[in-house]
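A.B. asks: Using the working numbering, the first residue of the sequence shown is number 93, and each one after it goes up by one. The following block contains the structure, expressed as structure tokens.
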Amino acid sequence: MLAELRQKSQITIPKEIVEKLGLAEGDKLDVFEREGTICLMPVAVYPKKYLDQLREEIAEAKEKIASGEQPVFDNVDKLFEKLEAN
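Quick look at the structure:
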């Protein structure tokens, strides 16, 4: 598919690609060059507050695992076995 570079360096992404990737107006795309090719990659952008909260939760979970307070499972089947036993 061809796209034409327009005024202010704008292009239109073909409808088929937008639909296939489930893109919508307002979605963010990372634009970068790699080996002479222009690449567009959809990205999720999260508020800093959300990421900070997530980091805290991960740190708490790691502390619980290290102290033995949080059980760790080798695979999903063992997790479900434990859940079903309760």
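We treat Cβ as the ideally placed atom computed from N, Cα and C, and that holds for glycine.
Between which two residues does the alpha helix (DSSP H) holding glutamate 127 run?
C.D. replies: It is not in any alpha helix (DSSP H) - glutamate 127 carries neither H nor E in the DSSP assignment.
A.B. asks: Just curious, the alpha helix (DSSP H) that leucine 33 is in, first and last residue?
C.D. replies: Only positions 93 to 178 of the chain appear in the structure, and residue 33 is not among them; the question remains open.
A.B. asks: Please work out which residues of its chain come closer than 8 Å, Cβ to Cβ, to leucine 113, disregarding the five sequence neighbours upstream and downstream, and give them in chain order.
C.D. replies: Around leucine 113: Pro134.
A.B. asks: Given a cut-off of 8 Å on the beta-carbon distance, is the pair proline 37 and lysine 174 in contact?
C.D. replies: One cannot answer for residue 37 here, as it falls past the ends of the chain, which runs 93 to 178.
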